[in-house]
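Residues in the sequence shown are numbered consecutively from 1, following full-length UniProt numbering.
C-beta atoms are modelled at their ideal positions from N, C-alpha and C, and glycine is treated no differently.
What follows is a set of notes on a single structure, which appears directly below.
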Amino acid sequence: MADGEDTKLNVKAESSGVDPNVLSIKVKDQLGGEVVFKVKKTTKFEKILNAFCQKKAVDISQVRFVFDGTRINPSMTPEDMDMEDGDTVDAFLEQTGGH
1 MADGEDTKLN VKAESSGVDP NVLSIKVKDQ LGGEVVFKVK KTTKFEKILN
51 AFCQKKAVDI SQVRFVFDGT RINPSMTPED MDMEDGDTVD AFLEQTGGH
């Protein structure tokens, strides 16, 4: 009987401490630098991407954000892209030139 009681306590402790609507999302740049954001599933990527660019001091128009091979639309949310806690977004600096 003691084992059954322990299981109930553990389940309650786990469910009370973690919000299932909040994700940790890593944004990783080409140099291996990572910035971790804790966001709600319904937060628009625009907010996350702007925060990343401010932190890295780059213009958002020069960065391409990709998740699982798909370019991220700033108006989408992590929920739209079926993201899970701990997923990683890749940030690529777009290079222009060749004149």
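- The three-state reading of DSSP puts GLU46 in helix, counting H, G and I together.
- THR77: not part of any beta strand (DSSP E); DSSP gives it neither H nor E.
- DSSP, read as helix, strand or coil, puts LYS56 in helix.
- Counting of Cβ neighbours within 10 angstroms places ILE60 among the exposed residues, the total staying below 16.
- 8 Å or more divides the Cβ of PHE52 from the Cβ of VAL36.
- At the C-beta level, PRO74 and GLU46 come within 8 Å of one another.
- Taking a C-beta distance under 8 Å as the contact criterion, SER24 and GLY69 do not qualify as a contact pair.
- Rounded to the nearest whole angstrom, the CA to CA distance from THR77 to VAL66 is 13 Å.
- Taking every protein chain shown into account, the CB of LEU31 has fewer than 16 other CB atoms within 10 angstroms, so this residue is exposed.
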